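Enquirer:
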Amino acid sequence: MKNFHTLKAGEEILLSGTIYTARDQAHKRLVAAIKNSSRLPIELKNAVIYYCGPTKKPKGRVIGSCGPTTSSRMDEFTPLLLKRGLRGMIGKGARSAEVRDALKKYKGVYFVTYAGCGALLSRHVIKAKTIAYADLGPEAICKLEVKDFPLIVAIDASGRSIYGQD
Amino acid sequence: MKEIKAKEITQAVVELVRQANFSLRSDILSVLRTAYKAEACKQARKNIKAILDNAAIAKKNSLAICQDTGMPVVFVQLGTGVKISGDLKAAINKGIGEGYRKYYLRNSVIKDPLSRGKPGFSPCIMHSDIVNGDKVKLTLLPKGFGCENKSQLKMFKPTVEIGEIKKFIVEAVKSAGPDACPPYFIGVGIGGTADYSAVLAKKALLTRLTVKNSKLEQDLLREINKTCIGPMGLGGKTTALAVKVKKYSTHIAGLPVSVNISCHALRSASVTL
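Which chain is which? The protein sequence lines are X and G, in order. First residue of the first sequence? That's 1263 in this note's numbering, and the numbers climb one at a time after it. First residue of the second sequence? That's 455 in this note's numbering, and the numbers climb one at a time after it.
#1: Using three-state DSSP, classify ASP1410(X) as helix, strand or coil.
#2: Classify ASP588(G) as helix, strand or coil using the three-state DSSP reduction.
#3: Using 7 Å as the limit for Cβ to Cβ distance, is TYR1312(X) near chain G?
#4: Using a C-beta to C-beta distance shorter than 7 Å, which residues of chain X count as neighbours of ILE458(G)?
#5: Enumerated in chain order, which unbroken segments of the alpha helix (DSSP H) with a length of 4 residues or greater are wholly contained in the region 610-695 of chain G?
#6: Roughly how far, in whole angstroms, is the beta-carbon of ASN515(G) from the beta-carbon of ALA1381(X), given that I think they are within contact range, below 8 Å?
#7: Which residue comes first and which comes last in the alpha helix (DSSP H) that contains LYS513(G)?
#8: For ASN475(G), count neighbouring Cβ atoms within 10 angstroms of its own Cβ and tell me buried if that reaches 16, exposed if not.
#9: ARG1362(X) and THR1331(X): beta carbons closer than 7 Å?
#10: Which residue marks the beginning of the alpha helix (DSSP H) containing SER480(G), and which one marks its end?
#11: Is VAL468(G) close to chain X? Criterion is C-beta to C-beta, closer than 7 Å.
#12: Are the beta-carbon atoms belonging to ALA518(G) and LEU559(G) less than 7 Å from one another?
#13: According to the neighbour-count rule (16 or more other Cβ atoms, all chains shown, within 10 Å of its Cβ), is MET609(G) buried or exposed?
#14: Any idea which residues DSSP pairs ALA1271(X) with across the strands?
#15: What is the DSSP secondary structure of ASP541(G), reduced to helix, strand or coil?
#16: Per DSSP, what are the beta-bridge partners of THR593(G) in this structure?
#17: Let me make sure I understand the geometry here. Which of ILE564(G), HIS705(G), VAL527(G) has the alpha-carbon closest to that of MET580(G)?
#18: THR464(G) by DSSP, collapsed to three states: which one?
#19: Can you pull the chain X residues whose beta carbon is under 9 Å from the beta carbon of ILE519(G), in chain order?
#20: So THR1340(X) is in the alpha helix (DSSP H); what residue range does that whole segment cover?
#21: At a CB distance below 9 Å, what residues from the region 533-561 of chain G approach chain X? Give them in sequence order.
#22: For VAL1324(X), name the three-state secondary structure that DSSP assigns.
#23: Could you pull the start and end residues of the alpha helix (DSSP H) that SER1384(X) belongs to?
#24: Check the C-beta distance from GLY1355(X) over to SER1384(X) and give it rounded, since I have them as a contact under 8 Å.
#25: Quick one, which of ILE550(G), ALA492(G), GLY600(G) has its alpha-carbon nearest LEU728(G)'s?
#26: Check whether the Cβ of PRO1295(X) lies closer than 7 Å to any Cβ atom in chain G.
#27: Can MET455(G) and GLY540(G) be called in contact, C-beta distance under 7 Å?
#28: How about ALA1288(X) and VAL1415(X): are their beta carbons less than 7 Å apart?
#29: Helix, strand or coil for ASP522(G), going by three-state DSSP, please let me know.
#30: Please report how far the alpha carbon of ASP566(G) lies from the alpha carbon of ALA460(G), in whole angstroms.
#31: By the 10 Å Cβ neighbour count, where 16 or more other Cβ atoms means buried, how is LYS496(G) classified, buried or exposed?
#32: Hey, is ALA1356(X)'s beta-carbon within less than 7 Å of any beta-carbon in chain G?
#33: Nearest by alpha-carbon distance to ARG487(G): which of ALA723(G), ALA545(G), PRO637(G), ALA648(G) is it?
#34: Distance check for ILE463(G) and THR681(G), CA to CA, integer angstroms please.
#35: If the criterion is Cβ atoms closer than 7 Å, does the pair GLY643(G) and LYS700(G) meet it?
#36: Should ILE706(G) be labelled buried (16 or more other beta-carbon atoms within 10 Å of its own) or exposed?
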């Protein structure tokens, strides 16, 4: 993850390491916590957030189906998280001009992965643990250990996008 | 009069939950395979391959095809010759809750749209039609919200040219762009009232893909695929896999048109009791 800034839009990588799930309500809470100077439940510096709300964990499995959700709903919260050190995001679909500018400014990367393929992606998760906002159910923050998680660089740290927006 | 117990309804719904969430319909798999063969773009082929692999993994391991197991939408066709002993609506919602719990699906439904709160499994959305006969047909469509969020409704003037309507539908797909898991299935409802056109658009998604396309459906599919949004929004000629249109009579003063987009994971299952 140290080398994220050298990745180019369109490049495909397999990610192994720690990522955190967070989607709509968790983003709202994280941003509120930053604004109130409260303690955050995760260290944002160099972190990777995955926009994902998995299904419930079936018996004998690490996690249920766990594909990405639409990233643009998180756009309004993203620049502040990048400012606080967030390094990468994984989701699906396009982002706003503000997010692209913030990625460039703070040297972050936005990835997309196979959307609507949550069963396939669950095979790349080797550990999963809910670590914050458990009351949000599927929207809780989970710490995931992933192995060879397939990603495409959608917007790189220079602000270049595979979706071709200017 | 044929009698069906509420308990039988609940059991049938539990089974529909399993089928719809774990197994893609054969007609959906068939158009995906055809698109895989026809697609020339490498990235698009890779994505369609992942979709097909995902469907196989989900079915084999009893895993949800997509983690967004949707807002459950249940269509009920109730024959007038059937007597349900018990509470039909409660029986359906019970089946949804039991099924979603039993198969470890996602609790995505919140009680109050404004105060939000902790998500659960029900209530589902229910559309019922009264029909002749002594049978009950139940259809479950678990509708993911990535694509539901891209729905559109427009009240056209009755004098509108068909080209304007087509343009509206194609623009709805363009505005969904790469966000709602393309390649899409497009349901279109034309006519009725504002609310009814939206129901028609959703019902259109249930049309079997083996049913021959109308000229309008063919034209729309061709136009949509010219956008080259492609699988995952990364280009290719497969932006939509099918367009299905349902029409109904309307008023002299208007022409409602609704578009309901489904992601590639169009999931539904039916049973007749």
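Beta carbons: idealized from backbone N, C-alpha and C, even for Gly. Small disclaimer: the values here were computed from a predicted structure and weren't measured.
Expert: Result, derived from the coordinates:
#1: strand
#2: coil
#3: Not closer than 7 Å to any Cβ of chain G, the Cβ of TYR1312(X) fails to qualify, so no.
#4: In chain order: nothing, as chain X lies at least about 30 Å away.
#5: 616-630, 648-658, 669-679
#6: 7 Å
#7: 496-515
#8: buried
#9: no
#10: 480-492
#11: no
#12: yes
#13: Exposed is the label assigned to MET609(G), since fewer than 16 other Cβ atoms lie within 10 Å of its Cβ.
#14: None, per the DSSP bridge assignment.
#15: coil
#16: Answer by DSSP bridge pairing, in chain order: PHE529(G), SER724(G).
#17: Nearest neighbour of MET580(G) by Cα position, chosen from ILE564(G), HIS705(G), VAL527(G), turns out to be VAL527(G).
#18: helix
#19: SER1327, GLY1378, CYS1379, GLY1380, ALA1381
#20: 1340-1345
#21: Contacts with chain X (Cβ-Cβ distance below 9 Å) from the region 533-561 of chain G involve TYR554, ARG555, TYR557, TYR558, LEU559, ARG560, ASN561, listed in chain order.
#22: coil
#23: 1380-1384
#24: Not confirmed; about 21 Å, so no contact.
#25: The question about residue 728(G) has no answer here: the residues shown for chain G are numbered 455 through 727.
#26: This sequence places Ala at residue 1295(X); Pro is not what is there. The beta carbon of ALA1295(X) sits no closer than 7 Å to any beta carbon of chain G.
#27: Going by C-beta atoms, MET455(G) is not nearer than 7 Å to GLY540(G).
#28: no
#29: coil
#30: 27 Å
#31: exposed
#32: yes
#33: Closest option to ARG487(G), Cα to Cα, is PRO637(G).
#34: 43 Å
#35: Contact: yes.
#36: exposed
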